[in-house]
Amino acid sequence: PNNIIRGCNISNASYYGIYAVYCAGIQVTGNTITNTGVLVNNTNVQSVFLNSCDSFRMTKNIITGQLGGSAVYLISNNGTSISDNLIANNMIQVGSGSNSSYGINIQSGAYHDVVYNSVNITSTASSSNTAALYVWTPSNTQVLNNNFVNLNSGYVLYALSLSSSYFSAINYNNYYGLGTNLYRDWE
Numbered sequence: 001p002n003n004i005i006r007g008c009n010i011s012n013a014s015y016y017g018i019y020a021v022y023c024a025g026i027q028v029t030g031n032t033i034t035n036t037g038v039l040v041n042n043t044n045v046q047s048v049f050l051n052s053c054d055s056f057r058m059t060k061n062i063i064t065g066q067l068g069g070s071a072v073y074l075i076s077n078n079g080t081s082i083s084d085n086l087i088a089n090n091m092i093q094v095g096s097g098s099n100s101s102y103g104i105n106i107q108s109g110a111y112h113d114v115v116y117n118s119v120n121i122t123s124t125a126s127s128s129n130t131a132a133l134y135v136w137t138p139s140n141t142q143v144l145n146n147n148f149v150n151l152n153s154g155y156v157l158y159a160l161s162l163s164s165s166y167f168s169a170i171n172y173n174n175y176y177g178l179g180t181n182l183y184r185d186w187e
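Residue numbers (my numbering): 1 to 187.
1. For Asn2, which residues of its own chain have a beta-carbon under 6 angstroms away from its beta-carbon, when the five flanking residues on both sides are left out?
2. Would you report the Cα separation of Asn189 and Gly97, rounded to the nearest angstrom?
3. My understanding is that Ile92 touches Gly103, with C-beta atoms under 8 angstroms, so please give their C-beta distance in whole angstroms.
4. Using 8 angstroms as the threshold, is the region 109-116 in touch with the region 124-132, meaning 3 or more CB pairs across them?
5. Among the candidates Asn105, Asp54, Ala71, whose CA atom is the shortest distance from the CA of Ser81?
6. Just to confirm, is the Cβ distance from Ser101 to Ile121 under 8 angstroms?
7. Going by DSSP, which residues form a beta bridge with Asn12?
8. As a quick exercise: from Ser139, Val156, Asn105, pick the residue whose alpha carbon is nearest that of Ser168.
9. Please list the terminal residues of the continuous beta strand (DSSP E) segment that includes Val45.
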């Protein structure tokens, strides 16, 4: 537990820039991750993939140049009210051409704090295949003080639900998109 990946320059990874499974307390901070998947023309990649990494910290990273996929993919990471999962102060750009692109993709888990991030989707994929923030079934998620941009007709925020069972707080964010619907929820 408590592994630290800090200050790395990760460039041209084929599928994953950082891949961690069962690393409770991992810290991913101050890294620059560029062009994930570009050399193999892979559009289904993740620059940061964290699975079952409870109470992780992901801060001050720069992610750019990824053709498609999810810049940050989080699944089954469970924090607590005392020791949350923190995604903060990251700068993310993903998407090229008509590739499906997601900035921060939270699939499940609990106690995610998504704060002070800037996420920019630059692909031209259809509306159902892009989102700056994609949230499926986590609980107690806070999304505060972020900039979410989607420069195509896709969603800025895509969520199973915007109810309090998924989000404990969602406020003070800037949303910008060129589509007619900035967000989608299934309720």
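For each residue, glycine too, the CB sits at the ideal point set by N, CA and C.
Here the structure is a predicted model, which is why all the values come from computation and not from measurement.
Reading from the atomic positions:
1. Residue 2 sits at position 2 when you count from the first residue of the sequence shown. Shown here for Asn2: same chain residues with a beta carbon closer than 6 angstroms to its own, the five before and five after excluded, namely Gly25 in chain order.
2. Outside the displayed range of the chain (1 to 187) lies residue 189, so it cannot be described from this structure.
3. Mapped onto the sequence shown, residue 92 falls at position 92. Mapped onto the sequence shown, residue 103 falls at position 103. Confirmed, Cβ separation roughly 5 angstroms.
4. no
5. Residue numbering aside, residue 81 sits at position 81 when the sequence shown is read from its first letter. Selected option, being the one with the closest Cα: Asp54.
6. Along the sequence shown, read from residue 1 onward, the residue named residue 101 stands at position 101. Along the sequence shown, read from residue 1 onward, the residue named residue 121 stands at position 121. Taking 8 angstroms as the Cβ cut-off, Ser101 and Ile121 qualify as a contacting pair.
7. The count along the sequence shown starts at 1 and reaches residue 12 at position 12. Per DSSP, none; premise fails for Asn12.
8. Reading the sequence shown from its first residue, position 168 is the one you call residue 168. When C-alpha distances from Ser168 are compared across Ser139, Val156, Asn105, the shortest belongs to Ser139.
9. Numbered from its first residue, the sequence shown carries residue 45 at position 45. No beta strand (DSSP E) holds Val45; DSSP gives it neither H nor E.
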